[in-house]
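What follows is one structure encoded as structure tokens, with my remarks underneath.
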Amino acid sequence: MARRAALLLIILLCVSCAKVKEAPAPSQETLPDCHEAWVYAPANYIIELGAGAIVTLDPARWDFPLFCSANEAGLALDAEIAAQRLPQGNWALYRLDGDYSALARIRDKQVLLLTKARLMDWQTWPPKRR
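As structure tokens, then:
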């Protein structure tokens, strides 16, 4: 009985020590080739930007999906609100300072903001029709 218990303990230790092979991180090559980086965020940042303040988004506090254009960001915002993953309210689209590929990371097939980024300008959504 003691031998069986010892053997079982050895097997359990070997199994628990086995190295789990992790999936490789997606390469930056899978990122879209974009000239600009856009996000959606609460519209109250417009007031601060309009006053000349430096406004940055911190991905450590919230996941910010990145998009190549304001239109892509706006359509994604509409979809998130329709799916009730975001509340209805005052949202705006913001262009970020920096190179898209340096700002982006991929997680769960979604492109997210990797590092703190400064908001440069904004666009209201939906765009006003003339």
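Quick note: the sequence shown uses the working numbering, first residue 744, plus one each step. Think of the CB as a built atom: it goes at the ideal place given N, C-alpha and C, for glycine as much as any other residue. These numbers come from a predicted model, not from an experiment.
Check                                                                                                                        : Outcome
Collapsed DSSP secondary structure at LEU809 in the structure displayed                                                      : coil
Assigned exposure category for ALA860 - 16 Cβ within 10 Å defines buried                                                     : buried
Range covered by the beta strand (DSSP E) that runs through ILE849                                                           : 847-850
Same chain, Cβ closer than 6 Å to THR858, neighbours up to 5 away in sequence not counted                                    : none
Strand pairing of ASP864, partner residues [DSSP]                                                                            : ARG838
Closest by C-alpha distance to ILE797, when choosing among ASP842, MET863, GLY841                                            : MET863
Beta-carbon contacts of TRP865 that lie in its chain and below 6 Å, excluding the five residues immediately before and after : ILE789, ALA835, TYR837
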